[in-house]
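Top line first, the protein sequences correspond to chains E and U.
Residues in the first sequence are numbered from 4 upward in steps of one, following my numbering.
Residues in the second sequence are numbered from 4 upward in steps of one, following my numbering.
Structure first, commentary second.
Protein chains: 2
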Amino acid sequence: MGLKSLRVVRVGHRYVRDYRTLTHLCLVSRALGAECIYLEEVEKELLDTVGEVNRTWGGGFSVEQGAWKKVFREAKEEGRTTVHLTMYGDPLQERVEELRKKGSFLLAVGGPKVPGEVYRLADYNVAVTSQPHSEIAALAIAIHDIQKGEELKKVFGDYKLRIVPSARGKQVEQRT
Amino acid sequence: MGLKSLRVVRVGHRYVRDYRTLTHLCLVSRALGAECIYLEEVEKELLDTVGEVNRTWGGGFSVEQGAWKKVFREAKEEGRTTVHLTMYGDPLQERVEELRKKGSFLLAVGGPKVPGEVYRLADYNVAVTSQPHSEIAALAIAIHDIQKGEELKKVFGDYKLRIVPSARGKQVEQRT
């Protein structure tokens, strides 16, 4: 089954603000084909950044405010497979074949202090290596593997600028 | 040819300090099997963080201070393939088969204000999507694809703690 729908939620301590990590998580989700990301708190600066990326580079990715537990509950009601990315989980490479058979996902990435409940509520707890590294990298590799790299070919509609890939230098097409 | 050696360099404006992004780049490089990362400036706080990760989780990953141009020159002298990750480059999926035939790499990721010279000096300019997202995610996907996911199985020697993967909760083995 091809991927039908992918959403991302960031779970974790809501008072830790980390503008740059959140920006990376949003832009990675967008670039790799997610429809939206849910955050416990949405700050205006982040919305502005993502809005500007959409206007310039296309697509309709959105940042939504949502308490993680509600987001999980709704995802389950919609029949999404919920996958929590954690270094403590089963190795991605042992679960990816199974995950590729699913059509709709909620991928959960942790910030600081992930509540233990997430481990119980998620359909899968999956590790992208059991080493400490980066939720941004773990999210990227998981989305990439589940889609077998197909997400790299995604075309974003309604753009102002589009990069023309090139071996040297920078080529950009401006839509008039 | 299997991967023999992988090193990472961060190229870009040396005065922009971004402790968290640099930490993610270091830990992703380590977790996915690089030997070291070169940074223009190395701050003590970052060295301490990476040192503590090594002591706890094993392996001999290092953070090195090095001007990017010197790092590139030495990499070329050693016969490494230099790959610059940039949203302007050729799609990764069109270059990855070719890259898998190489044995030793220097992967370059950009910070703010990458000098134009990098585009000319790199053997490959490769894009992980042509959308703006995150150098952390781009690095992760590139390393993952070049190694066909083999890096996820890497075992780190000389650890104090090791995670025992599990479907629910957290299991950690402490070496006595």
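Heads up, the beta-carbon is just placed ideally off N, CA and C, and yes, glycines get one too.
Here the structure is a predicted model, which means the values were calculated and not measured.
* To do: Would you list, in chain order, the members of the region 52-81 of chain E that have their beta-carbon closer than 8 Å to a beta-carbon of chain U?
  => Per Cβ criterion, the list reads Val-56, Trp-60.
* In chain E, which residues lie less than 8 Å from Pro-135 (chain U) when you measure between Cβ atoms? -> For the purposes of this step, residue 135 (chain U) is taken as the residue at position 132 of the second sequence. By Cβ distance, chain E contributes Leu-30, Ala-34, Val-56, Trp-60.
* **Where the alpha helix (DSSP H) through Gln-96 (chain U) begins and ends** => Within the second sequence, the letter at position 93 stands for residue 96 (chain U). Where Gln-96 (chain U) is concerned, the enclosing alpha helix (DSSP H) stretches over 95-102.
* To do: Closer than 6 Å by C-beta to Pro-94 (chain U): which residues in its own chain qualify, once you throw out the five before and the five after it? Chain order, please.
  => As a working mapping, residue 94 (chain U) is identified with position 91 in the second sequence. These residues qualify, in order along the chain: Ala-130.
* Asked: Looking only at its own chain, which residues have a Cβ that is under 8 Å from the Cβ of Glu-120 (chain E), when we skip the five neighbours before and after it?
  -> Against the first sequence, residue 120 (chain E) aligns to sequence position 117. Excluding residues within five positions, the ones whose Cβ falls inside 8 Å are Lys-72.
* At a Cβ threshold of 7 Å, is Met-4 (chain U) touching chain E? -> Taking the first residue of the second sequence as position 1, residue 4 (chain U) is located at position 1. Note that Met-4 (chain U) scores a pLDDT of 49, beneath 50, so its modelled location is shaky; the value from the coordinates is reported in the next line. No, Met-4 (chain U) lies away from the interface with chain E (no Cβ there is under 7 Å from its Cβ).
* Along chain E, which residues have their Cβ under 9 Å away from the Cβ of Val-45 (chain U)? -> By one-based count along the second sequence, residue 45 (chain U) stands at place 42. Ordered by position in chain E, no residue passes the 9 Å Cβ test against Val-45 (chain U), which lies about 19 Å from the chain.
* Tell me the DSSP bridge mates of Ser-8 (chain U)? -> Along the second sequence, read from residue 1 onward, the residue named residue 8 (chain U) stands at position 5. The partner list for Ser-8 (chain U) (beta bridge, DSSP) reads U:Ser-107.
* Is Val-175 (chain E) helix, strand or coil by DSSP? -> Mapped onto the first sequence, residue 175 (chain E) falls at position 172. In the structure shown, Val-175 (chain E) sits in a strand (DSSP, three-state: E or B).
* **Which of helix, strand or coil DSSP assigns to Tyr-41 (chain U)** => Counted from its first residue, the second sequence places residue 41 (chain U) at position 38. In the structure shown, Tyr-41 (chain U) sits in a strand (DSSP, three-state: E or B).
* Quickly, what does DSSP pair Ala-130 (chain E) with across the bridge? List them, please. => On the first sequence, position 127 is the one that residue 130 (chain E) refers to. Answer is E:Pro-94, bridged to Ala-130 (chain E).
* Asked: Under the DSSP definition of a beta bridge, which residues are partnered with Arg-58 (chain E)?
  -> Here the question's residue 58 (chain E) lines up with position 55 in the first sequence. Note: Arg-58 (chain E) sits in no beta bridge, so no partner.
* Contact check, Lys-7 (chain E) vs Gly-106 (chain E), beta carbons under 7 Å -> For the purposes of this step, residue 7 (chain E) is identified with residue 4 of the first sequence, where counting begins at 1. For the purposes of this step, residue 106 (chain E) is identified with residue 103 of the first sequence, where counting begins at 1. Result yes, Cβ atoms of Lys-7 (chain E) and Gly-106 (chain E) sit closer than 7 Å.
* When DSSP labels each residue in this structure, what does Leu-25 (chain E) get in the three-state scheme? -> In the first sequence, counting from the first residue as 1, residue 25 (chain E) sits at position 22. If DSSP states are grouped into helix, strand and coil, Leu-25 (chain E) belongs with the helices.
* **Range covered by the beta strand (DSSP E) that runs through Arg-165 (chain E)** => Stepping through the first sequence from its first residue, residue 165 (chain E) is reached at position 162. Arg-165 (chain E) -> beta strand (DSSP E) spans 164-166.
* Apply the 10 Å Cβ neighbour rule to Glu-176 (chain U) and answer buried if 16 or more other Cβ atoms are within range, or exposed otherwise. => On the second sequence, residue 176 (chain U) is found 173 positions in, with the first residue counted as 1. Per the 10 Å Cβ criterion, exposed.
* **Sub-7 Å separation of Val-112 (chain U) and Arg-13 (chain U) beta-carbons** => Locating residue 112 (chain U) in the second sequence gives position 109, counting from the first residue. Locating residue 13 (chain U) in the second sequence gives position 10, counting from the first residue. In this structure, Arg-13 (chain U) lies closer than 7 Å to Val-112 (chain U) by Cβ.
* Asked: Would a check of beta-carbon distances place Arg-171 (chain E) closer than 7 Å to chain U?
  -> Sequence index remark: in the first sequence, residue 171 (chain E) carries index 168 (1-based). The beta carbon of Arg-171 (chain E) sits closer than 7 Å to some beta carbon of chain U.
* Asked: What residue from E:Val-66, E:Ala-34, E:Thr-26, E:Leu-25 has the CA that sits closest to Gly-160 (chain E)'s CA?
  -> Here residue 160 (chain E) refers to the residue found at position 157 when the first sequence is read from its first residue. Looking at the Cα atoms, E:Ala-34 is the closest of the given residues.
* Determine the DSSP secondary structure at Gly-119 (chain E), reduced to helix, strand or coil. => In the first sequence, the residue the question calls residue 119 (chain E) occupies position 116. Helix, per DSSP.
* To do: Ignore the nearest five residues each way along the sequence and tell me which others in Thr-52 (chain E)'s own chain have a CB closer than 7 Å to its CB.
  => Sequence index remark: in the first sequence, residue 52 (chain E) carries index 49 (1-based). Here Thr-52 (chain E) has Thr-26 as same chain residues with Cβ atoms under 7 Å from its own Cβ, once five neighbours each way along the sequence are excluded.
* Could you tell me whether any Cβ in chain U is nearer than 7 Å to the Cβ of His-87 (chain E)? => By one-based count along the first sequence, residue 87 (chain E) stands at place 84. Cβ-Cβ to chain U under 7 Å: no for His-87 (chain E).
* Collapsed DSSP secondary structure at Leu-155 (chain E) in the structure displayed -> On the first sequence, position 152 is the one that residue 155 (chain E) refers to. Looking at Leu-155 (chain E) - three-state DSSP - the assignment turns out to be helix.
* Got a sec: is the Cβ-Cβ distance from Tyr-91 (chain U) to anything in chain E below 7 Å? -> One-based indexing of the second sequence puts residue 91 (chain U) at position 88. Yes, Tyr-91 (chain U) lies at the interface with chain E (some Cβ there is under 7 Å from its Cβ).
* Is the Cβ of Arg-178 (chain U) closer than 7 Å to any Cβ of chain E? -> Mapped onto the second sequence, residue 178 (chain U) falls at position 175. No, Arg-178 (chain U) lies away from the interface with chain E (no Cβ there is under 7 Å from its Cβ).
* Taking DSSP as the reference, what is the three-state secondary structure of Arg-76 (chain U)? -> Taking the second sequence and counting its residues from 1, one reaches residue 76 (chain U) at position 73. The answer is helix: DSSP assigns Arg-76 (chain U) an H, G or I state.
* Reduced DSSP secondary structure (H/G/I, E/B, other) of Ala-143 (chain E) -> Residue 143 (chain E) sits at position 140 when you count from the first residue of the first sequence. If DSSP states are grouped into helix, strand and coil, Ala-143 (chain E) belongs with the helices.
* To do: Give me whichever residues DSSP pairs with Gly-36 (chain E) in a beta bridge.
  => Taking the first sequence and counting its residues from 1, the one referred to as residue 36 (chain E) is at position 33. Looking at the DSSP assignment, Gly-36 (chain E) forms no beta bridge with any residue, so it has no partner.
* To do: Go ahead and label Thr-85 (chain E) buried or exposed: buried means 16 or more other beta carbons lie within 10 angstroms of its beta carbon, across all protein chains shown.
  => To locate residue 85 (chain E), count along the first sequence from 1; it is residue 82. By the neighbour-count rule (16 or more Cβ atoms within 10 Å), Thr-85 (chain E) is buried.
* Asked: Between Leu-109 (chain U) and Ile-146 (chain U), which are expected to be in contact by the criterion C-beta below 8 Å, what is the C-beta distance as a whole number of angstroms?
  -> Position 106 of the second sequence, counted from the first residue, corresponds to residue 109 (chain U). Position 143 of the second sequence, counted from the first residue, corresponds to residue 146 (chain U). Taking 8 Å as the upper bound for CB-CB distance, Leu-109 (chain U) and Ile-146 (chain U) are not in contact here, some 12 Å apart.
* Measure how close the beta-carbons of Leu-28 (chain E) and Val-56 (chain E) come, nearest whole angstrom, since I'm counting them as under 8 Å. => As a first step, residue 28 (chain E) is located in the first sequence; it is residue number 25 there, counting from the start. As a first step, residue 56 (chain E) is located in the first sequence; it is residue number 53 there, counting from the start. Not quite, the Cβ-Cβ distance comes to about 13 Å (not below 8 Å), so this is no contact.
* Is the CB of Gln-96 (chain E) under 7 Å away from at least one CB in chain U? -> Here residue 96 (chain E) refers to the residue found at position 93 of the first sequence. Cβ-Cβ to chain U under 7 Å: yes for Gln-96 (chain E).
* **Under 9 Å by beta carbon: chain U residues contacting Gly-152 (chain E)** => The residue you call residue 152 (chain E) lines up with position 149 of the first sequence. Simply Leu-95, Gln-96, Val-99, Ile-144, Asp-148.
* So which residues of chain E does Thr-24 (chain U) contact, with C-beta pairs closer than 7 Å? -> The residue you call residue 24 (chain U) lines up with position 21 of the second sequence. Close partners of Thr-24 (chain U) in chain E (Cβ separation under 7 Å): Arg-23.
* To do: Spell out whether any CB of chain U is found under 7 Å from the CB atom of Pro-115 (chain E).
  => Within the first sequence, the letter at position 112 stands for residue 115 (chain E). No, Pro-115 (chain E) does not count as interfacial toward chain U.
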